[in-house]
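Q: Quick note, the numbering used here runs 403 ahead of the 1-based positions in the sequence shown.
For every residue, glycine included, the Cβ atom is placed at its ideal position computed from N, Cα and C.
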Amino acid sequence: MAGRPGWPPPGYPPPYASGPPAGGSGSSGRVVGVVVGVVVALTLAVCGCLGVGGVLLGRYADPVAEEPYPDPYDYEEEDVPEATWTPPPPVQPAQPAVTPSTGAGRFGVRYEVTGATRADIQYYDANGDFIHLEAVPLPWRRSIRTDDPNRVIVIATAEDDGRRVRCSTTVAGRPPVVETAEGSGWRVTCAGS
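1) According to DSSP, is SER431 part of a helix, a strand, or is it coil?
2) Near SER571, which residues of its chain fall below 7 Å by C-beta distance, leaving aside the five closest residues on each side in sequence?
3) Return helix, strand or coil for ALA507, following the three-state DSSP convention.
4) Between PRO492 and GLY531, what straight-line distance do the alpha-carbon atoms span, to the nearest angstrom?
5) Roughly how many whole angstroms lie between the Cα atoms of ARG548 and GLY595?
6) Leaving aside the five residues before and after GLY508 along the sequence, list all residues of the same chain whose C-beta is less than 8 Å from its C-beta, in chain order.
7) With DSSP collapsed to three states, give me the class of VAL501.
8) Under the three-state reduction of DSSP, which class applies to ALA522: helix, strand or coil?
9) Determine the burial state of VAL435: buried for a count of at least 16 other Cβ atoms within 10 Å of its Cβ, exposed for fewer.
10) Drop a sphere of 10 angstroms on the beta-carbon of ALA519, count the other beta-carbons inside from all chains shown, and report buried for 16 or more, exposed for fewer.
11) Would you report the Cα separation of GLY440 and TYR472, rounded to the nearest angstrom?
12) Am I right that THR517 and ARG590 are in contact with their C-beta atoms under 8 Å? What's the rounded C-beta distance?
13) Take ALA559 and list the residues in its own chain whose beta-carbon comes closer than 6 Å to its own, dropping the five residues that flank it on each side.
14) What are the partner residues of VAL599, as DSSP defines its beta bridges?
15) Quick one: Cα of PHE533 to Cα of GLU485, how far?
16) Would you report the Cα separation of VAL443 and CYS452, rounded to the nearest angstrom?
17) Reducing DSSP to helix, strand and coil, say where THR560 ends up.
18) State the DSSP-derived secondary structure class of VAL512, mapped to helix, strand or coil.
19) What are the boundary residues of the beta strand (DSSP E) that includes PRO397?
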């Protein structure tokens, strides 16, 4: 088999297949180029169709559903109905206890505030509750029985200028504790002994 001149080179046996050696510039190179071009063209066409189709579908499709988990930092005000609580009718204040609610009380206590004015008075009643009275005309006296002689105190604050106010407490017949003051806003405090 004779091929092109100089083929096969001198001293070599002839090839078993006829034709030019591989890597030559034959028609197979053109076929590969055509196949690659067709694949690229088809790929671009498919991508283009998907892109245009996605835009069209997005325009006419239903809106995207909301996220299944709400944003914890989204504090939009909701329509919350206003509270319709009605306050209870006013009740007469409870009278201060003169004997403990647990019994007759073991210790007798006498509170006294005197003066020629009005005074705000605070004291412990027989149950140990702190009672506040405002603008009480003087003299004022209160006798109670209690089980806790350490919880005995009366505080009086005079309302008028230059007026003298005096307090005293007596617990279980012991000598009274007395304090006197003069002037506006003067406060006297008498604790049980």
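A: Taking the geometry as given:
1) Working through the sequence shown from its first residue, we reach residue 431 at position 28. Residue state, collapsed to three classes: helix.
2) Your numbering for residue 571 matches position 168 in the sequence shown. Once the five neighbours on either side are set aside, the close Cβ partners of SER571 are GLU515, PRO579, VAL580, VAL581, CYS593.
3) As a first step, residue 507 is located in the sequence shown; it is residue number 104 there, counting from the start. In this structure, DSSP gives ALA507 a state outside helix and strand, which the three-state scheme calls coil.
4) Walking along the sequence shown from the start, residue 492 turns up at place 89. Walking along the sequence shown from the start, residue 531 turns up at place 128. Rounded to the nearest whole angstrom, the C-alpha separation of PRO492 and GLY531 is 27 Å.
5) As a position in the sequence shown, residue 548 is number 145, starting the count at 1. As a position in the sequence shown, residue 595 is number 192, starting the count at 1. Straight-line Cα distance between these residues: approximately 13 Å.
6) Position 105 of the sequence shown, counted from the start, is the residue given in the question as residue 508. Excluding sequence neighbours, GLY508 sits near THR502, ALA529, ILE547, ARG548, THR549, ASP550.
7) The residue you call residue 501 lines up with position 98 of the sequence shown. In the displayed model, VAL501 falls within coil according to three-state DSSP, outside both helix and strand.
8) The residue labelled residue 522 in the question sits at position 119 within the sequence shown. Under the three-state reduction of DSSP output, ALA522 falls in the strand class.
9) Translated into the one-based positions of the sequence shown, residue 435 becomes position 32. Taking all protein chains shown into account, VAL435 has fewer than 16 neighbouring C-beta atoms within 10 Å of its C-beta and is therefore exposed.
10) By 1-based counting over the sequence shown, the position of residue 519 is 116. Burial state of ALA519 is exposed, judged by a 10 Å Cβ sphere holding fewer than 16 other Cβ atoms.
11) Taking the first residue of the sequence shown as position 1, residue 440 is located at position 37. Taking the first residue of the sequence shown as position 1, residue 472 is located at position 69. Those two C-alpha atoms are separated by around 48 Å.
12) The residue labelled residue 517 in the question sits at position 114 within the sequence shown. The residue labelled residue 590 in the question sits at position 187 within the sequence shown. That pair is no contact at about 15 Å.
13) Start at 1 with the first residue of the sequence shown, and residue 559 comes out as number 156. The residues are VAL516, ALA522, ILE524, VAL568, CYS570, VAL591.
14) Because residue 599 is not part of the residues shown, which for the chain are 404 to 596, the question remains open.
15) Position 130 of the sequence shown holds residue 533. Position 82 of the sequence shown holds residue 485. Roughly 37 Å separates the two Cα atoms.
16) The residue you call residue 443 lines up with position 40 of the sequence shown. The residue you call residue 452 lines up with position 49 of the sequence shown. Across the structure, VAL443 and CYS452 are spaced so that their CA atoms are roughly 14 Å apart.
17) Here residue 560 refers to the residue found at position 157 of the sequence shown. When DSSP states are grouped into helix, strand and coil, THR560 belongs to the strand group.
18) For the purposes of this step, residue 512 is identified with residue 109 of the sequence shown, where counting begins at 1. Three-state DSSP puts VAL512 in a strand.
19) With the chain covering only 404 through 596, there is no way to say anything about residue 397.
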